[in-house]
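2 protein chains.
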Amino acid sequence: MKMMFGRPGSKSGMLLRIGQCLCAAASVAFMVSAERFSDYTAFCYLIASMGLQLLWSFGLACLDLYALKIKKDLQNAVLVSLFVVGDWVTATLSLAAACSSAGIVVLYARDLDFCNNPKMHLPCGRFEYSIAMAFVTWFFIAISSHVMLWLLASA
Amino acid sequence: MKMMFGRPGSKSGMLLRIGQCLCAAASVAFMVSAERFSDYTAFCYLIASMGLQLLWSFGLACLDLYALKIKKDLQNAVLVSLFVVGDWVTATLSLAAACSSAGIVVLYARDLDFCNNPKMHLPCGRFEYSIAMAFVTWFFIAISSHVMLWLLASA
Numbered sequence: 071m072k073m074m075f076g077r078p079g080s081k082s083g084m085l086l087r088i089g090q091c092l093c094a095a096a097s098v099a100f101m102v103s104a105e106r107f108s109d110y111t112a113f114c115y116l117i118a119s120m121g122l123q124l125l126w127s128f129g130l131a132c133l134d135l136y137a138l139k140i141k142k143d144l145q146n147a148v149l150v151s152l153f154v155v156g157d158w159v160t161a162t163l164s165l166a167a168a169c170s171s172a173g174i175v176v177l178y179a180r181d182l183d184f185c186n187n188p189k190m191h192l193p194c195g196r197f198e199y200s201i202a203m204a205f206v207t208w209f210f211i212a213i214s215s216h217v218m219l220w221l222l223a224s225a
Numbered sequence: 071m072k073m074m075f076g077r078p079g080s081k082s083g084m085l086l087r088i089g090q091c092l093c094a095a096a097s098v099a100f101m102v103s104a105e106r107f108s109d110y111t112a113f114c115y116l117i118a119s120m121g122l123q124l125l126w127s128f129g130l131a132c133l134d135l136y137a138l139k140i141k142k143d144l145q146n147a148v149l150v151s152l153f154v155v156g157d158w159v160t161a162t163l164s165l166a167a168a169c170s171s172a173g174i175v176v177l178y179a180r181d182l183d184f185c186n187n188p189k190m191h192l193p194c195g196r197f198e199y200s201i202a203m204a205f206v207t208w209f210f211i212a213i214s215s216h217v218m219l220w221l222l223a224s225a
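Sequences listed follow chains A and B, in order. Each residue of the first sequence is one higher than the last, beginning at 71 in this note's numbering. Each residue of the second sequence is one higher than the last, beginning at 71 in this note's numbering.
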């Protein structure tokens, strides 16, 4: 297998996983700190999806760290297949969660103009930050998933 | 390059492209037939995204048909790279459009219960059919994009 950026068991791979963890954690933190987020199914789904992403990326970051410490090569076909499936599922769920939440925020901020209405008391800023971090998380996990698929296909 | 299901210039590839065209067209048709869809940014974006998908898939279906007629092999690295980028961009836009619209419909149908409220006059059924067809379109384009990336990586 090739010496690609972001491959499992490399420093770049570990940094990518840590980036995913941090962004997913920031997204959950912003959303949880917003009042009445639990009234919206999409925002709850965003937290669930980012939580899953956090666990998956944290697990793989630990695996990368372990592989770097004992200088073990993680690039065998079975492991990479597992990473491909996991990355692809979490990437799709992350994008879906970010977009469904973004759909609601665009509806409130643009179509209905609820965000500028002081009577509504909507913490639109926090929703927006949370969704922005979810999109960054998705961007990082999309890089990982493409690198994994490429490694598996070119093995 | 391998003789894979859905590869460019094959019957299975052409059928996949035709499937994408038909589902994207159905999604646009259901959404356009719903009253007041243009009040919602997400629904307009769904139509734009499905329109782009329709054009892209129709173009590639014609190319597949032409390649089958003159028995030309379309699997060279430059063409497949182009298909990978195009498929990936349209797949991401399709999923984003489907999810952002789904976020609004879930908000209206579940969180706010507007769909069962006769005063709101919301054509929720048509919105739901349109979004379902957008998800099917995304599923087909996701298969195409993975096949293309696999072909490119294993070349």
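Where is the CB? At the ideal position from N, CA and C, for every residue including glycine. It should be emphasised that the depicted structure is a prediction, and the values quoted were computed from it without experimental measurement.
Could you check whether the Cβ of residue i sits closer than 8 Å to any Cβ belonging to chain E?
i: residue 111(B); result: Absent from the structure: chain E. Protein chains present are A and B.
Is residue i close to the ligand ATP? I mean its beta-carbon at under 7 Å from any heavy atom of the ligand.
i: residue 165(B); result: For the ligand ATP, the structure offers nothing, since it holds no ligand at all.
So, is residue i buried or exposed, given that buried needs 16 or more other C-beta atoms within 10 angstroms?
i: residue 150(A); result: buried
i: residue 148(B); result: exposed
i: residue 216(B); result: buried
i: residue 183(B); result: exposed
i: residue 120(A); result: buried
i: residue 180(B); result: exposed
i: residue 210(A); result: buried
i: residue 136(B); result: exposed
i: residue 75(B); result: exposed
i: residue 152(B); result: exposed
i: residue 101(B); result: buried
Return the residue from the list the options that minimises the CA-CA distance to residue i.
i: residue 117(A); options: 164(A), 126(A), 79(A); result: 164(A)
i: residue 86(B); options: 160(B), 131(B), 109(B), 156(B); result: 131(B)
i: residue 112(B); options: 169(A), 140(A), 111(A); result: 169(A)
i: residue 159(B); options: 212(B), 203(B), 171(B); result: 212(B)
i: residue 142(B); options: 207(B), 209(B), 80(B); result: 80(B)
i: residue 194(B); options: 202(B), 175(B), 205(B); result: 175(B)
i: residue 125(B); options: 106(B), 92(B), 155(B), 199(B); result: 92(B)
i: residue 83(B); options: 190(B), 157(B), 166(B), 106(B); result: 157(B)
i: residue 110(A); options: 188(A), 207(A), 167(A), 74(A); result: 167(A)
i: residue 95(B); options: 220(B), 224(B), 214(B), 200(B); result: 200(B)
i: residue 138(A); options: 222(A), 207(A), 78(A); result: 78(A)
i: residue 155(B); options: 172(B), 129(B), 219(B); result: 219(B)
i: residue 206(A); options: 161(A), 185(A), 173(A), 188(A); result: 161(A)
i: residue 88(A); options: 214(A), 152(A), 224(A), 172(A); result: 214(A)
i: residue 115(A); options: 97(A), 187(A), 127(A), 222(A); result: 97(A)
i: residue 90(B); options: 225(B), 204(B), 221(B); result: 204(B)
i: residue 106(A); options: 224(A), 196(A), 225(A), 133(A); result: 196(A)
For a cutoff of 8 Å on Cβ pairs, would you count residue i as touching chain A?
i: residue 180(B); result: yes
i: residue 165(B); result: yes
i: residue 194(B); result: no
i: residue 202(B); result: no
i: residue 152(B); result: no
i: residue 223(B); result: yes
i: residue 177(B); result: yes
When you compare the CB of residue i with every CB in chain B, is at least one pair closer than 8 Å?
i: residue 174(A); result: yes
i: residue 149(A); result: no
i: residue 161(A); result: no
i: residue 169(A); result: yes
i: residue 219(A); result: yes
Could you check what DSSP says for residue i in three-state terms: helix, strand or coil?
i: residue 198(B); result: helix
i: residue 106(B); result: coil
i: residue 85(A); result: helix
i: residue 180(B); result: helix
i: residue 143(A); result: coil
i: residue 74(A); result: coil
i: residue 224(B); result: coil
i: residue 80(B); result: coil
i: residue 216(B); result: helix
i: residue 203(B); result: helix
i: residue 120(B); result: helix
i: residue 232(B); result: Residue numbering for chain B in the displayed model covers 71 to 225; residue 232(B) lies beyond these limits and cannot be assessed.
i: residue 101(B); result: helix
i: residue 192(A); result: coil
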